[in-house]
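Trainee:
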Amino acid sequence: MEDLGSQTFRIGPKRFERTDFELENPRGQKLQCSHYQPSKESRPRATLPCVVYMHGNAGCRLGALHLLPLVLPYDITLFTFDFSGCGMSEGEYISLGHFEKDDVVAVIDYLRKSESVSRIALWGRSMGAATAILFGATDPSIAALVLDSPFSSLNKVALELVEMSEVKVPKLLVTGLMKMIKSRIKERAKFDIEKLEPIESAPCCFIPALFVHGNSDNFILPHHSQDIQKKYAGDSNLILVEGDHNSERPSFCVDSITIFLHNTLLVGDDKFDAEGFQPGFGGVVEEDGGMPLPPKKGSGPSFGFANGPTEDELIQQAIALSLAPGNQNGGDGGDRGDRGDGGDGGDGGGGSEPK
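In UniProt numbering, the protein residues as written are 1 to 355.
(1) So what's aspartate 20 in DSSP terms, helix, strand or just coil?
(2) Return the first residue and the last residue of the beta strand (DSSP E) that threonine 8 is part of.
(3) Quick check on proline 73: buried or exposed, where buried means 16 or more other Cβ atoms within 10 Å of its Cβ?
(4) If distances are taken between C-alpha atoms only, which option among Ile11, Val212 and Lys190 comes closest to residue 429?
(5) Provide the residue span of the alpha helix (DSSP H) that contains tyrosine 232, from first to last.
(6) Arginine 61 and threonine 77 look like a contact to me (Cβ under 8 Å); what is the Cβ gap, rounded to whole Å?
(7) What is the rounded straight-line gap between the Cα of glycine 85 and the Cα of histidine 35?
(8) So isoleucine 199 and isoleucine 193 are in contact, right, with Cβ under 8 Å, and what is the actual spacing, rounded?
(9) Could you tell me the distance, in whole angstroms, from the CA atom of leucine 238 to the CA atom of isoleucine 207?
(10) Which two residues bound the contiguous beta strand (DSSP E) that contains tyrosine 110?
(11) Flag this pair as yes or no: are the beta carbons of glutamine 29 and glycine 91 separated by less than 7 Å?
(12) Measuring CB to CB, does valine 51 end up less than 7 Å from valine 71?
(13) Leaving out the 5 sequence neighbours to the left and right, which residues in its chain are closer than 7 Å to threonine 131 when beta-carbon positions are compared?
(14) Would you tell me roughly how many angstroms separate the C-alpha atoms of serine 152 and isoleucine 94, rounded to the nearest one?
(15) Terminal residues of the continuous alpha helix (DSSP H) containing leucine 266?
(16) Between lysine 231 and the rest of its own chain, which residues show a CB-CB distance below 7 Å, the 5 nearest in sequence each way excluded?
(17) Decide if methionine 127 is buried, meaning its Cβ has at least 16 other Cβ atoms within 10 Å, or exposed.
(18) Throw me the rounded Cβ distance for the aspartate 244 and aspartate 227 pair, which I believe falls under 8 Å.
(19) Among Leu67, Glu17, Pro49 and Leu23, which residue has its Cα nearest to the Cα of asparagine 263?
(20) Give me the DSSP bridge partner(s) of serine 126.
(21) Check serine 34 in the structure and name its three-state DSSP category.
(22) In whole angstroms, give me the CA-to-CA distance for arginine 10 and asparagine 57.
(23) Rounded C-beta distance between alanine 209 and leucine 147? I'm assuming under 8 Å.
(24) Straight-line CA distance for cysteine 205 to aspartate 109?
(25) Isoleucine 120: buried (16+ other C-beta within 10 angstroms of its C-beta) or exposed?
(26) Less than 7 Å between the beta carbons of isoleucine 142 and leucine 111, yes or no?
(27) Confirm, please, whether the CB-CB distance from proline 38 to phenylalanine 21 is below 7 Å.
(28) Leaving out five residues on either side along the sequence, give the residues of the same chain with a beta carbon under 7 Å from the beta carbon of alanine 129.
(29) Helix, strand or coil: how does DSSP classify arginine 15 here?
(30) According to DSSP, simplified to helix, strand and coil, what is arginine 184?
(31) Which same chain residues, not among the five before or five after glutamate 2, have their C-beta less than 8 Å away from its C-beta?
(32) Going by other Cβ atoms of all chains shown within 10 Å of its Cβ, with 16 needed for buried, is asparagine 327 buried or exposed?
(33) Do leucine 196 and leucine 154 have their beta-carbon atoms positioned less than 7 Å apart in this structure?
(34) Which residue or residues does DSSP assign as beta-bridge partners of aspartate 148?
(35) Which residues in the same chain as cysteine 33 place their Cβ atom closer than 6 Å to its Cβ, once the five residues preceding and following it in sequence are excluded?
(36) My understanding is that alanine 46 touches serine 116, with C-beta atoms under 8 Å, so please give their C-beta distance in whole angstroms.
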């Protein structure tokens, strides 16, 4: 918990606080959550809009720390949590969106009942972005989606990783191996990877969305975001940025996301005074006894760095273990024991929290 920093801090003249607590998902698993809000003396009104950040595979809520100065100074609260099977939350397996969308159900239900939140946006990274699409198709009341590097089909990602592997495998053998992996996952983690296709939810999703993808991403190829956007029912834009799956997102992209959130969240009673507004970075986070943010590369806002094994390395290792002859422990890419302690390269340096 100490990795989350102090529970009280300042950004400019405003004071903020972090509340940590547990929620229970529909499967009875405890989710570890943190909600960042203005302190009582800095809160302008009872209800404020909220951004819910959803990390990627092998990440955790630490990945949201760099978002604090992007949203909090503008009277938008930030809610982040560890998906089941990640960080400090309960759960044995990661399902890359299938069960994670049920975690989001618990989070949104809590926020709706809290009477402290007005409009809600979801900001997802990789697995979190795929989960946001799956959930967004079921809840049109969400105000906005920020979708950074979502995959259109888990099965397609797996096949593309095999095809790009240095070891060339005959297509017939790949088909057989994929069937074996599918069977193992279904037996152990209780979901079908062939049915995990966020692109099929896109025509049912009418929420304004901003897609982001690295043009050199060789883990989840850029066409995944492009394909989803083509089928997406709501208003959407796609920003292709220089870099790969784990690259820092450039400042113009951060600015675009920040402005997008302001336009979709800060309306009505929440509308802010645009005079003097500087997109992107809203100020320096300061707190008694230290900074809540981990060291950053460069002086501007940053997220998307890899600390430890990158997300694609972790997944590729899991797939390699699955294909290894006689391996009885691999195969799902989501076994908690296979993840190690590495950070998720797609979550701004947010690795798994220590237990």
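Just so it is clear, CB atoms sit at the ideal spot from N, CA and C, and this is done for glycine as well. For clarity, every value in this text was computed on a predicted model and none was experimentally measured.
Mentor: With the structure as the only source:
(1) Sequence index remark: in the sequence shown, residue 20 carries index 20 (1-based). Three-state result, aspartate 20: strand.
(2) On the sequence shown, residue 8 is found 8 positions in, with the first residue counted as 1. Taken as a continuous stretch (DSSP letters only), the beta strand (DSSP E) holding threonine 8 covers 8 to 11.
(3) The sequence position of residue 73 within the sequence shown is 73, counting from 1. It counts as buried.
(4) Here the chain covers residues 1 to 355 and nothing more, so residue 429 does not appear.
(5) In the sequence shown, the residue the question calls residue 232 occupies position 232. It is not in any alpha helix (DSSP H) - tyrosine 232 carries neither H nor E in the DSSP assignment.
(6) What you label residue 61 is simply residue 61 of the sequence shown in a count that begins at 1. What you label residue 77 is simply residue 77 of the sequence shown in a count that begins at 1. Going by Cβ atoms, the distance from arginine 61 to threonine 77 rounds to 14 Å, so no, they are not a contact pair.
(7) Position 85 of the sequence shown holds residue 85. Position 35 of the sequence shown holds residue 35. Glycine 85 and histidine 35: Cα-Cα distance of roughly 20 Å.
(8) For this step, residue 199 is matched to residue 199 along the sequence shown. For this step, residue 193 is matched to residue 193 along the sequence shown. Actually they are not in contact, since the Cβ atoms of isoleucine 199 and isoleucine 193 sit about 14 Å apart, beyond 8 Å.
(9) Along the sequence shown, read from residue 1 onward, the residue named residue 238 stands at position 238. Along the sequence shown, read from residue 1 onward, the residue named residue 207 stands at position 207. Rounded to the nearest whole angstrom, the C-alpha separation of leucine 238 and isoleucine 207 is 14 Å.
(10) Taking the first residue of the sequence shown as position 1, residue 110 is located at position 110. Counting along the chain, tyrosine 110 sits inside no beta strand (DSSP E); it lies in the alpha helix (DSSP H) bounded by residues 100 to 114.
(11) In the sequence shown, counting from the first residue as 1, residue 29 sits at position 29. In the sequence shown, counting from the first residue as 1, residue 91 sits at position 91. A contact, by the Cβ cut-off of 7 Å.
(12) For the purposes of this step, residue 51 is taken as residue 51 along the sequence shown, with counting starting at 1. For the purposes of this step, residue 71 is taken as residue 71 along the sequence shown, with counting starting at 1. Yes; because the gap between Cβ atoms is below 7 Å, this pair is in contact.
(13) Taking the first residue of the sequence shown as 1, we reach residue 131 at position 131. Cβ within range, chain order: Met54, Gly97, Glu100, Lys101, Val104 and Gly124.
(14) On the sequence shown, position 152 is the one that residue 152 refers to. On the sequence shown, position 94 is the one that residue 94 refers to. Roughly 17 Å separates the two Cα atoms.
(15) Here residue 266 is taken as the residue at index 266 of the sequence shown, counted from 1. Leucine 266 -> no alpha helix (DSSP H), and no H or E assigned at all.
(16) One-based indexing of the sequence shown puts residue 231 at position 231. Ile199, Ala202 and Pro203.
(17) Numbered from 1 along the sequence shown, position 127 holds the residue referred to as residue 127. With 16 or more Cβ atoms within 10 Å of its Cβ, methionine 127 is classed as buried.
(18) Within the sequence shown, numbered from 1, the residue matching residue 244 stands at position 244. Within the sequence shown, numbered from 1, the residue matching residue 227 stands at position 227. Incorrect: roughly 19 Å between the Cβ atoms, too far for contact.
(19) Position 263 of the sequence shown, counting from 1, holds the residue named residue 263. Closest option to asparagine 263, Cα to Cα, is Pro49.
(20) The residue given as residue 126 occupies position 126 in the sequence shown. None, per the DSSP bridge assignment.
(21) As a first step, residue 34 is located in the sequence shown; it is residue number 34 there, counting from the start. Here serine 34 sits in strand by DSSP.
(22) For the purposes of this step, residue 10 is taken as residue 10 along the sequence shown, with counting starting at 1. For the purposes of this step, residue 57 is taken as residue 57 along the sequence shown, with counting starting at 1. Each residue's alpha carbon lies about 30 Å from the other.
(23) Translated into positions along the sequence shown, residue 209 becomes position 209. Translated into positions along the sequence shown, residue 147 becomes position 147. About 6 Å separates the two Cβ atoms, so the contact holds.
(24) Position 205 of the sequence shown, counted from the start, is the residue given in the question as residue 205. Position 109 of the sequence shown, counted from the start, is the residue given in the question as residue 109. Computed Cα separation, rounded: 19 Å.
(25) As a first step, residue 120 is located in the sequence shown; it is residue number 120 there, counting from the start. It is buried - the Cβ of isoleucine 120 has at least 16 other Cβ atoms within 10 Å.
(26) Stepping through the sequence shown from its first residue, residue 142 is reached at position 142. Stepping through the sequence shown from its first residue, residue 111 is reached at position 111. No.
(27) Taking the sequence shown and counting its residues from 1, the one referred to as residue 21 is at position 21. Taking the sequence shown and counting its residues from 1, the one referred to as residue 38 is at position 38. For phenylalanine 21 and proline 38, no; Cβs fall outside 7 Å.
(28) One-based indexing of the sequence shown puts residue 129 at position 129. If we look at alanine 129 and ignore the five residues flanking it on each side, its Cβ neighbours are Leu147, Asp148, Ser149 and Pro150.
(29) Locating residue 15 in the sequence shown gives position 15, where the first residue counts as 1. Strand at arginine 15.
(30) Here residue 184 refers to the residue found at position 184 when the sequence shown is read from its first residue. Note: arginine 184 maps to helix in three-state DSSP.
(31) Counted from its first residue, the sequence shown places residue 2 at position 2. Sequence-distant partners of glutamate 2 (beyond 5 residues in either direction) whose C-beta falls short of 8 Å from its own C-beta are missing from its chain.
(32) What you label residue 327 is simply residue 327 of the sequence shown in a count that begins at 1. Here the model assigns asparagine 327 a pLDDT of 37, short of 50, so the residue's position is not dependable, and the following value carries that caveat. When all chains shown are included, asparagine 327 counts as exposed.
(33) Locating residue 154 in the sequence shown gives position 154, where the first residue counts as 1. Locating residue 196 in the sequence shown gives position 196, where the first residue counts as 1. It is a contact, given that the beta carbons lie within the stated cut-off.
(34) In the sequence shown, counting from the first residue as 1, residue 148 sits at position 148. Paired residues: Arg125 and Val212.
(35) Within the sequence shown, residue 33 is the residue found at index 33, counting from 1. The residues Phe21, Leu23 and Phe81, in chain order, have a CB closer than 6 Å to that of cysteine 33 in the same chain once the five nearest residues on each side in sequence are set aside.
(36) Walking along the sequence shown from the start, residue 46 turns up at place 46. Walking along the sequence shown from the start, residue 116 turns up at place 116. The pair is a contact, with the Cβ atoms about 7 Å apart (cut-off 8 Å).
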